[in-house]
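Worksheet: one structure, shown below.
Residue numbers (the working numbering): 1 to 164.
Given below as structure tokens:
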């Protein structure tokens, strides 16, 4: 059950991890399903509770840098080497090791009890998850990078080319 409340700030799970102060976070279809109490056959087995929602995130690092967060919690993020077959293919969203490493079970930020999420005041991220936002891009546009990347990824996996 989703409820509003104060939660402790997530701890940095390993050296090198970063604190991100979310500026904006999207509301995804999976977030709406969670709010509505609908089970997800995809996410539920790969989620730790309680979690702070929000995986489409633009925020600020402690040094003032604006970033977006790539939410997948794959082998690199979890410190697992060698990576599983999916992570080795560049598909950390399908990681086989989402129960391993220094953080609790979770397929992605926003569904992992140890990372926090974009709907909170602070989340923690591995350096590989954060990507700089260009100065000319507004937060309102930057928060759409993750869902846009999902669309581009699906099109490319389906064989689309630059001419399509």
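Cβ coordinates follow ideal geometry from the N, Cα and C atoms, glycine included.
All values reported here derive from a predicted model rather than from experimental measurement.
- Its chain contains 98 and 107 as the residues whose beta carbon lies nearer than 6 Å to that of residue 46, once the 5 sequence neighbours on both sides are disregarded; these appear in chain order.
- Within the model, the alpha-carbon separation for residue 122 versus residue 14 is close to 16 Å.
- Taking C-beta atoms as the reference points, residue 12 and residue 61 fail to come closer than 8 Å.
- In this structure, the beta-carbon distance from residue 57 to residue 68 falls below 8 Å.
- By the beta-carbon neighbour count (other beta carbons within 10 angstroms, threshold 16), residue 115 is buried.
- No Cβ-Cβ contact shorter than 8 Å links residue 87 with residue 101.
- According to DSSP, residue 125 shares a beta bridge with 18.
- Each of 42, 130, 125 and 150 was checked against the Cα of residue 103, and the nearest Cα belongs to 125.
- DSSP places residue 85 within a helical segment (H, G or I) once states are collapsed to three.
- Assignment of residue 77 by DSSP, reduced to helix, strand and coil, places it in the helix class.
- Rounded to whole angstroms, the separation of the alpha carbons of residue 84 and residue 26 is 29 Å.
- Counting every other CB atom within 10 Å of its CB across the protein chains shown gives residue 54 a total of 16 or more, marking it as buried.
- Looking at the backbone, the Cα of residue 23 and that of residue 40 are separated by about 27 Å.
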